[in-house]
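Protein chains in written order, with our numbering: chain A, 1 to 132; chain B, 1 to 331. Even glycine gets a Cβ: it sits at the ideal position worked out from N, Cα and C. For clarity, every value in this text was computed on a predicted model and none was experimentally measured. Reviewing the structure listed below.
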């Protein structure tokens, strides 16, 4: 659970009618409230994706990065993958190889380290995958 | 077993890599624990093992108890957490903390655990209020003493005072061996090096770690060293863990705590082919437990997943087990 683990799940890059999607895993030993999960950045082939084009899909729900921070009751179960869905129609086509990068901060809500401050880990990962 | 020293067991936390990589279900994991003879004590972290935690549906709890019986495992401790910062805009209120612990106690009861681990964040006041709940459910609330909390920490001194005053079998501690380490694991320095720290800074951090200065003073000295070497936030974040994850208190400090110990976390990072954990003085620790007549449970708690994603938890717990059995025999 260091800072450079494989955050992006292998062979999950998928073409969607409104863009593309790929899966990420939870880089921690226990489930966390969604409010602990901050999407810092996503890149496609080195190009930053604007945060408002990212949707985080989990438990059958869809949240923007900002909405995620408000979900204090809903958990990301440690064995589940979450899907990052990017609204960029036509950017990724089936059979093409693309380099994905993501940076996610996890704020551990049970580990206070000062007034209003909690231990926070940032994981950065990149992966090249062929889209399906 | 049991009447003549500590009862050994394992926490499923040790198999975090296997669990995350979906190599096992709860049932196949328990079966493997039994098959390798790593029980009888069986501990879990609630938020790791159960999807619906802090609640556990009756049917799932029943299934869990049936599995433990089937594999002849004994439930030891449920690891509870209090997510005081689950909301970004404010901390949990006292009522919310109480409610969080109450729900987890109900789950502990349903699952058959006699002890529930709570964090020091529960605070003495909350613990005193929770005592009647613990008595009602007949589950011991035990505060985990994890690095950097040692016996001289003001929070621990206050808790010890409370336990001495109340003298309830339902309140106590869970010593975690991370508090009494003799060196920082090599895997940690590898992480620090990977983050970009120069060797000179690592040497400086090692020299700061081995002193007996209080933790805040160590952080100050470390910040100064980081500045001297001009390293960025990634290195600072990683190297700061040196002073929080690994405590440097003497083993003897546990003597004051052991009368209130309800369970123990046998923390370790690596047991080598020579049967030795190079960073934690297990020979001294096992001798102390034997000498003081500790009859409670100890869980193998492998935390090497901080350094590797390799699914080697079962191999490492087996190695820990052999090491402890040898040392207890010899003590």
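Worksheet entry | Spatially closest choice to residue 229 of chain B from B:198, B:257, B:251 and B:218, by CA coordinates | Taking the first residue of the second chain as 1, we reach residue 229 of chain B at position 229. Out of B:198, B:257, B:251 and B:218, B:198 has the C-alpha closest to the C-alpha of residue 229 of chain B.
Practice prompt. Express the C-alpha separation of residue 280 of chain B and residue 312 of chain B in angstroms, rounding to a whole number.
Written response: On the second chain, residue 312 of chain B is found 312 positions in, with the first residue counted as 1. On the second chain, residue 280 of chain B is found 280 positions in, with the first residue counted as 1. Spanning the two alpha carbons is a distance of roughly 19 Å.
Worksheet item: How long is the line joining the alpha carbons of residue 139 of chain B and residue 190 of chain B, rounded to whole angstroms?
Response: In the second chain, the residue the question calls residue 139 of chain B occupies position 139. In the second chain, the residue the question calls residue 190 of chain B occupies position 190. About 41 Å.
Discussion item. So, does the stretch 72 to 80 of chain B touch the stretch 105 to 114 of chain B, judging by three or more C-beta pairs under 8 Å?
Written reply: yes
Worksheet item: Name the chain A residues whose beta carbon is nearer than 8 Å to that of residue 22 of chain B?
Response: Numbered from 1 along the second chain, position 22 holds the residue referred to as residue 22 of chain B. 79, listed in chain order.
Practice prompt. Could you please tell me which residues of the stretch 5 to 36 of chain B, in chain order, have their CB closer than 8 Å to any CB of chain A?
Written response: 13, 16, 19, 20 and 22
Fill in: Span of the alpha helix (DSSP H) around residue 18 of chain B
Your numbering for residue 18 of chain B matches position 18 in the second chain. Note, residue 18 of chain B: alpha helix (DSSP H), 16 to 20.
Fill in: Cβ-based contacts, 8 Å cut-off: residues of the stretch 79 to 107 of chain A near chain B
79 and 107
Practice prompt. Check each residue of the stretch 82 to 93 of chain B: if its Cβ is closer than 8 Å to any Cβ of chain A, include it; give the result in chain order.
Written response: Hits within the stretch, in order: 82, 83, 84, 85, 86, 87, 88 and 91.
Practice prompt. For chain B, find out if any of its Cβ atoms is closer than 9 Å to the Cβ of residue 118 of chain A; answer yes or no.
Written response: In the first chain, counting from the first residue as 1, residue 118 of chain A sits at position 118. Yes, because at least one Cβ of chain B sits closer than 9 Å to the Cβ of residue 118 of chain A.
Discussion item. Between residue 65 of chain A and chain B, is the shortest Cβ-Cβ distance under 9 Å, so that the two count as touching?
Written reply: In the first chain, residue 65 of chain A corresponds to position 65, counting from 1. Chain B contact via Cβ: absent.
Worksheet item: From residue 220 of chain B to residue 5 of chain B, what does the alpha carbon distance come to, in whole angstroms?
Response: Translated into positions along the second chain, residue 220 of chain B becomes position 220. Translated into positions along the second chain, residue 5 of chain B becomes position 5. Approximately 42 Å between the Cα atoms of the pair.
Discussion item. Counting only Cβ pairs nearer than 8 Å, list the residues of chain B close to residue 7 of chain A.
Written reply: Translated into the one-based positions of the first chain, residue 7 of chain A becomes position 7. Here the premise fails: no neighbours, minimum Cβ distance about 11 Å.
Worksheet item: chain A partners of residue 121 of chain B, CB-CB under 9 Å?
Response: Position 121 of the second chain, counting from 1, holds the residue named residue 121 of chain B. Chain A residues near residue 121 of chain B: 110, 111 and 112.
Worksheet entry | Buried/exposed call for residue 178 of chain B, threshold 16 Cβ in 10 Å | Taking the first residue of the second chain as position 1, residue 178 of chain B is located at position 178. When all chains shown are included, residue 178 of chain B counts as buried.
Worksheet item: Rounded to a whole number of angstroms, what is the C-alpha to C-alpha distance between residue 49 of chain A and residue 108 of chain A?
Response: Translated into positions along the first chain, residue 49 of chain A becomes position 49. Translated into positions along the first chain, residue 108 of chain A becomes position 108. So the alpha carbons of these two residues sit roughly 26 Å apart.
Worksheet entry | Neighbouring residues, chain A, relative to residue 48 of chain B (Cβ below 8 Å) | Translated into positions along the second chain, residue 48 of chain B becomes position 48. Under the 8 Å cutoff, chain A gives 29, 30, 31 and 78.
Worksheet item: Are the C-beta of residue 75 of chain A and some C-beta of chain B separated by less than 9 Å?
Response: Taking the first residue of the first chain as 1, we reach residue 75 of chain A at position 75. Closer than 9 Å: yes.
Worksheet item: Can you find a CB in chain B that lies within less than 9 Å of the CB of residue 130 of chain A?
Response: Within the first chain, the letter at position 130 stands for residue 130 of chain A. Not one chain B Cβ lies under 9 Å of residue 130 of chain A.
Item to complete: Count the other CB atoms, across all protein chains shown, that sit within 10 Å of the CB of residue 176 of chain B; report buried if there are 16 or more and exposed otherwise.
Response: Counting from 1 along the second chain, the entry for residue 176 of chain B is found at position 176. Label assigned to residue 176 of chain B: buried.
Worksheet item: Is the distance from the Cβ of residue 257 of chain B to the Cβ of residue 162 of chain B below 9 Å?
Response: On the second chain, residue 257 of chain B is found 257 positions in, with the first residue counted as 1. On the second chain, residue 162 of chain B is found 162 positions in, with the first residue counted as 1. No; because the gap between Cβ atoms is not below 9 Å, this pair is not in contact.
Item to complete: Please confirm whether residue 32 of chain A and residue 58 of chain A have their CB atoms less than 9 Å apart.
Response: Position 32 of the first chain, counted from the first residue, corresponds to residue 32 of chain A. Position 58 of the first chain, counted from the first residue, corresponds to residue 58 of chain A. Their beta carbons are not under 9 Å apart, which means residue 32 of chain A does not touch residue 58 of chain A by this criterion.
Discussion item. Applying the 10 Å Cβ sphere with the 16-neighbour rule, what's the burial state of residue 188 of chain B?
Written reply: Position 188 of the second chain holds residue 188 of chain B. Residue 188 of chain B should be labelled buried.
Worksheet item: Closest Cβ-Cβ distance between residue 329 of chain B and chain A: below 9 Å?
Response: Translated into the one-based positions of the second chain, residue 329 of chain B becomes position 329. No, no contact with chain A.
Worksheet item: residue 76 of chain B by DSSP, collapsed to three states: which one?
Response: Stepping through the second chain from its first residue, residue 76 of chain B is reached at position 76. The answer is strand: DSSP assigns residue 76 of chain B an E or B state.
Worksheet item: Going along chain B in order, which residues have a C-beta closer than 7 Å to the C-beta of residue 72 of chain A?
Response: For this step, residue 72 of chain A is matched to residue 72 along the first chain. Within chain B, the residues whose beta carbon sits less than 7 Å from that of residue 72 of chain A are 86 and 87, listed in sequence order.
Item to complete: Starting from residue 68 of chain A, find everything on chain B with Cβ-Cβ shorter than 8 Å and list it in chain order.
Response: Indexing the first chain from 1 puts residue 68 of chain A at position 68. In chain order: nothing, as chain B lies at least about 10 Å away.
Fill in: Whole beta strand (DSSP E) elements within the stretch 38 to 98 of chain B, 3-residue minimum
41 to 45 and 74 to 79
Practice prompt. Report the option in A:6, A:13 and A:9 whose CA atom is closest to the CA atom of residue 93 of chain A.
Written response: Numbered from its first residue, the first chain carries residue 93 of chain A at position 93. Selected option, being the one with the closest Cα: A:13.
Discussion item. Among B:114, B:100 and B:129, whose alpha-carbon lies nearest the alpha-carbon of residue 110 of chain A?
Written reply: In the first chain, counting from the first residue as 1, residue 110 of chain A sits at position 110. Among B:114, B:100 and B:129, the Cα nearest to that of residue 110 of chain A is on B:100.
Worksheet item: Short check: CB of residue 333 of chain B to CB of residue 87 of chain B, under 9 Å?
Response: In this structure chain B extends from 1 to 331, so residue 333 of chain B is not present and cannot be described.
Worksheet item: Is residue 299 of chain B buried or exposed, if buried means 16 or more other CB atoms sit within 10 Å of its CB?
Response: Reading the second chain from its first residue, position 299 is the one you call residue 299 of chain B. Counting Cβ neighbours within 10 Å, residue 299 of chain B comes out buried, since at least 16 surround it.
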